[in-house]
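As structure tokens, the structure follows; a few thoughts come after it.
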Amino acid sequence: MSSMIRSLSFQGRTLALFAASLLVAPTAFSAPINYGDFSDIPPGAVMYTDVTESSGTDALPLYGAPDITGNVLDFDPTFASNSADGSPGADTTDGQLNFDFMTAPGAGLNSFTINESGSVTLFGAGSAATAAGAGIYAEVEITHVDGTALASPIKITSSVFSSWDLVTSPGTNGWTNQLFIDFGPALANAGFGQNSYATKGSVVIDDTLVTTAETNPNTTAFIDKKDFTIIPGGDLNPVPEPAAAALAALGLAVLGARRRS
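First residue of the sequence shown? That's 1028 in this note's numbering, and the numbers climb one at a time after it.
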């Protein structure tokens, strides 16, 4: 049975939980963890700075420190949500990521793609009220376009939510979510052309898993997240030599200066 079948009835109930989780203060449960700065220049063309995770529901870490290959940030998260026999009713696990981004000279971004995957298990004697869901909400604030600071930042929001229930997706299945954040419309609304790119800004990602289980004995809803990647899109060609060596030195100097400060 397809692992991506959506339950509209469950989605209607859990969208409210998903939205409410976004309002939880990220420091309500434990102090944020700042993993620092990440850059793979060259061959990459993007620097991620002050990569920080927080949660309003669970102890950290949930994402853990990322790896970077080229321009891609890759996390191996330990997210999970579990409800069994009606307890705790609805269980929500919420993790937040914050980071700033800056591109190398001559490069720029026009999108981010967020991919996540894991497994979902729905088991027992029950109805569609035993279910699980996964959602991503993202905010991007662009502060520089084509290397020039903006008088007013450009803000973009986007979200995706998927859900599964005991009737349509019983047993254990794999699941995936993808959120594509397109900068193009927002840049066009601000008066920029098709060849303009974001070169500096910040990102907030709120990621939520939620489960509900009925009171029937041995009825369980469980969902976890095993992989989470952030992939930038745009003009990401490596800077040609001899500028590449100078850029690499610049990137190391910038990261070193940030850590010393």
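Every residue, glycine too, gets a C-beta built ideally from N, C-alpha and C.
Quick check: what's the CA-CA separation for F1255 versus N1109? When rounded, the distance between both Cα atoms is 19 Å.
Presumed contact (8 Å Cβ cut-off) between V1073 and N1098, rounded CB distance: 5 Å
Does S1036 come out as helix, strand or coil in the three-state DSSP assignment? Reliability of the predicted coordinates at S1036 is poor, the pLDDT of 42 falling under 50, and no value is obtained from them.
What does the alpha-carbon distance come out to for the pair Y1062 and G1220? Between the alpha carbons of Y1062 and G1220 lies a distance of about 35 Å.
Three-state secondary structure assigned by DSSP to V1051: Unreliable placement is indicated for V1051, whose pLDDT of 41 sits below 50; the coordinate value is still reported in the next sentence. Of the three classes helix, strand and coil, the one that applies to V1051 here is coil, per DSSP.
Nearest by alpha-carbon distance to S1229: which of A1086, A1215, F1139 is it? F1139
Residue environment, P1070, which counts as buried when at least 16 other CB atoms sit within 10 Å: Under this definition P1070 is an exposed residue.
Ends of the alpha helix (DSSP H) at L1193? From DSSP, L1193 is part of no alpha helix (DSSP H); its letter is neither H nor E.
If contacts are defined as beta-carbon pairs under 8 Å, then L1193 and G1153 qualify, I think. What distance do you get, rounded to the angstrom? 5 Å
Is it buried or exposed for N1204, if we count other Cβ within 10 angstroms and need 16 for buried? buried
Is DSSP giving L1214 helix, strand or coil here? helix
Within this structure, are the beta carbons of I1225 and L1149 separated by less than 8 Å? Here residue 1225 turns out to be Ala, not Ile, going by the sequence shown. Contact: no.
Using DSSP's beta-bridge definition, name the partner residues of T1130. T1130 is bridged to V1073.
Provide the residue span of the beta strand (DSSP E) that contains I1258, from first to last. 1247-1262
What do you reckon, are the CB atoms on L1177 and T1170 nearer than 8 Å? yes
If you check the beta carbons only, do D1101 and D1112 fall under 8 Å apart? no
Apart from the five residues just before and just after A1107, which ones in its own chain have a Cβ nearer than 6 Å to its Cβ? Taken in chain order, the residues that qualify are D1251.
Given a cut-off of 8 Å, decide if G1083 and D1021 are closer than it, judged by their beta-carbon atoms. Only positions 1028 to 1288 of the chain appear in this structure, which leaves residue 1021 out of reach.
Start-end ranges of the beta strand (DSSP E) lying completely within the stretch 1090-1131, minimum 3 residues: 1094-1096, 1099-1102, 1107-1111, 1117-1130
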